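Using this note's numbering, count along the first sequence one by one with no gaps and you end on 442.
The block underneath contains the structure these notes are about, expressed in structure tokens.
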Amino acid sequence: MAGMAKQDSNIPDLSSALVGARSLLGWKLVHDSIEGRTSGYIVETEAYDEHDPASHAFGGIRKRNAAMFEAAGTIYVYFTYGMHYCMNIVTGDKGLGQGVLIRALQPLEGLDIMQRRRGIESKHQLTNGPAKLTQAMGVTKQNYGQSIFHGDIYLEPGIPALSVVQTTRIGISKAKELPWRFYLADNPYVSRI
DNA sequence: AGAGCGATGGCCT
DNA sequence: GGCCATCGCTCTA
């Protein structure tokens with residue numbers, strides 16, 4: 250199968266933020282919560298590493314960002330604009346301060362739960378943004394520091410990332426020229442093209 | 001289709 | 001006191 254993009258292991262490659270951002274595309278993100286199971290395919294990501302002025306890890310470890318310095322697979326949730334949560338999956342060696350922001354999902358299971366949590370019907374609007382998907386999936390500060398390898402939020406093999414677009418990141422003011430955003434080409438659940 | 005803006009809280013200088 | 005890795009509503013075109 251040389252030259253064919255496929256998922257060839259049962260864990261994504263989280264060795265660095267850039268590798269992880271690409272590797273996580275197509276994986277199924279699952280949350281088994283008290284309200285039920287919600288899941289979706291990861292269709293859009295952004296990489297943030299320790300040398301990146303746009304990263305929350307830039308400037309060193311603090312209470313707010315400490316989870317980013319934990320082992321790869323740790324979930325780093327942050328609160329922003331007074332009302333939104335966003336979710337990252339930590340990459341790289343422990344102590345580095347790297348992660349991948351999950352920016353969009355293609356909703357798969359628990360659509361009714363997502364619709365209730367989001368307060369909207371439209372399937373396309375449920376998870377096409379970093380704060381939208383955490384609301385739909387029921388991810389909050391409570392999940393801060395959990396590991397995707399043993400917890401109620403975890404990954405399962407999903408769909409092959411056949412065609413990936415790499416471009417600049419969204420919603421940041423520093424280092425915005427870096428092409429560290431990845432998404433599945435032609436996927437209707439990407440936050441924006 | 002795109003600009004403007006309010007909501008709202010933790011962390012920074 | 002100001003800034004945000006945001007979203008969705010409300011205007012103008």
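We put the CB at the ideal spot given by N, CA and C, even for glycine.
The structure presented is a predicted model; accordingly, all values stated were derived computationally and were not measured.
| Asked | Found |
| --- | --- |
| Local Cβ density within 10 Å of residue 270, reported as buried at 16 or more and exposed below that | buried |
| Secondary structure of residue 333, DSSP reduced to three states | strand |
| As assigned by DSSP and simplified to three states, the class of residue 381 | helix |
| Element boundaries [alpha helix (DSSP H), containing residue 364] | 360–367 |
| Three-state class that DSSP yields for residue 278 in the structure shown | strand |
| Limits of the unbroken beta strand (DSSP E) element including residue 296 | 285–297 |
| Bridge partner(s) assigned by DSSP for residue 399 | 396 |
| C-alpha gap between residue 387 and residue 268, whole angstroms | 27 Å |
| Distance between beta carbons of residue 279 and residue 444, contact taken as under 8 Å | Within the shown structure, residues of the chain are numbered from 250 to 442, placing residue 444 beyond reach of any answer. |
| Cutoff 7 Å; reference residue 428; Cβ partners in own chain excluding five residues on either side | 415, 416 and 417 |
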